[in-house]
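J.: Let me give you the structure first, and then I'll get to my questions.
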Amino acid sequence: MGTLGNVLWVVLGGGLVLFLGYLIAGAVLALTIVGFPFAVAIWRVGLYALLPFNRRVVDRQNSLGSGCLGACFNLLWLFLFGWGIAVAHLGSALVCAVTIIGIPFAVAHVKLAVLALWPFGKEIV
Numbered sequence: 001m002g003t004l005g006n007v008l009w010v011v012l013g014g015g016l017v018l019f020l021g022y023l024i025a026g027a028v029l030a031l032t033i034v035g036f037p038f039a040v041a042i043w044r045v046g047l048y049a050l051l052p053f054n055r056r057v058v059d060r061q062n063s064l065g066s067g068c069l070g071a072c073f074n075l076l077w078l079f080l081f082g083w084g085i086a087v088a089h090l091g092s093a094l095v096c097a098v099t100i101i102g103i104p105f106a107v108a109h110v111k112l113a114v115l116a117l118w119p120f121g122k123e124i125v
């Protein structure tokens with residue numbers, strides 16, 4: 001369901017709207033020096049939200065966001081932004097799962113919800 005899924009996701013599943021929302025939110029966070037690491041994380045989530053099919057999230061080993069600093073950023077992210085974004089994606093997943101055609105989109109929203117909870121130290125491949 002790779003390319004066809006991505007095209008349908010962008011056109012029907014709101015992928016472009018999600019991407020633009022993440023892009024704007026990241027730009028607002030990037031306006032401050034303190035928010036720049038969060039902007040990079042949300043842009044990563046946004047790129048995954050644009051084309052989620054045939055991609056997966058893996059842990060990055062031995063990088064800046066995977067150690068103690070990444071865990072602190074993840075906790076801060078979780079309490080400030082992550083839970084709200086994850087709840088929104090889970091709500092969208094429930095709406096998509098109502099029809100058989102929407103089930104792949106629901107699975108994509110659940111993957112995005114998990115990534116939105118803990119984005120630091122992750123890589124999309």
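Residues in the sequence shown are numbered from 1 upward in steps of one, following UniProt numbering. Idealized CB from N, CA, C, for every residue including glycine. Predicted model, so just to flag it, every value in this text is computed and none were measured.
Nearest-angstrom Cα distance between I101 and I42?
T.: The residue given as residue 101 occupies position 101 in the sequence shown. The residue given as residue 42 occupies position 42 in the sequence shown. I101 and I42: Cα-Cα distance of roughly 28 Å.
J.: Could you check which residue in R56, F38, A39 has the C-alpha nearest to that of H109?
T.: As a first step, residue 109 must be located in the sequence shown, where it is residue number 109. Comparing Cα-Cα distances from H109 to each of R56, F38, A39, the minimum goes to R56.
J.: What's the C-alpha gap between K111 and F36?
T.: Mapped onto the sequence shown, residue 111 falls at position 111. Mapped onto the sequence shown, residue 36 falls at position 36. Their Cα atoms are separated by approximately 24 Å.
J.: Just to confirm my understanding: we take V58, look at its own chain, exclude 5 residues before and 5 after, and list those with CB closer than 6 Å. What are they?
T.: Translated into the one-based positions of the sequence shown, residue 58 becomes position 58. For V58, where only same-chain residues beyond five positions count, the Cβ hits under 6 Å are E123, V125.
J.: Whose CA, out of W77, L117, V28, lies closest to the CA of V87?
T.: On the sequence shown, position 87 is the one that residue 87 refers to. V87 has its Cα closest to that of L117, out of W77, L117, V28.
J.: Within its chain, find whatever has a CB closer than 6 Å to the CB of I39; leave out the 5 residues flanking it on each side and keep chain order.
T.: Locating residue 39 in the sequence shown gives position 39, where the first residue counts as 1. This sequence places Ala at residue 39; Ile is not what is there. Closer than 6 Å at Cβ, skipping near neighbours: G26, L29, A30.
J.: Using a threshold of 8 Å, state whether the C-beta atoms of L12 and A49 are closer than that.
T.: In the sequence shown, residue 12 corresponds to position 12, counting from 1. In the sequence shown, residue 49 corresponds to position 49, counting from 1. Not closer than 8 Å, so no.
J.: Which stretch, first to last residue, makes up the alpha helix (DSSP H) that contains I103?
T.: Here the question's residue 103 lines up with position 103 in the sequence shown. Per DSSP, I103 belongs to the alpha helix (DSSP H) from 103 to 117.
J.: So which of M1, H89, G21 has the shortest CA-CA distance to G46?
T.: In the sequence shown, the residue the question calls residue 46 occupies position 46. That would be G21, whose Cα lies nearest to the Cα of G46.
J.: So, are the CB atoms of G70 and G121 less than 8 Å apart?
T.: Residue mapping note: residue 70 aligns to position 70 of the sequence shown, counting from 1. Residue mapping note: residue 121 aligns to position 121 of the sequence shown, counting from 1. Yes; because the gap between Cβ atoms is below 8 Å, this pair is in contact.
J.: To the nearest angstrom, report how far apart H89 and A113 are at their CA atoms.
T.: If you number the sequence shown from 1, residue 89 lands on position 89. If you number the sequence shown from 1, residue 113 lands on position 113. Cα-Cα distance, rounded: 5 Å.
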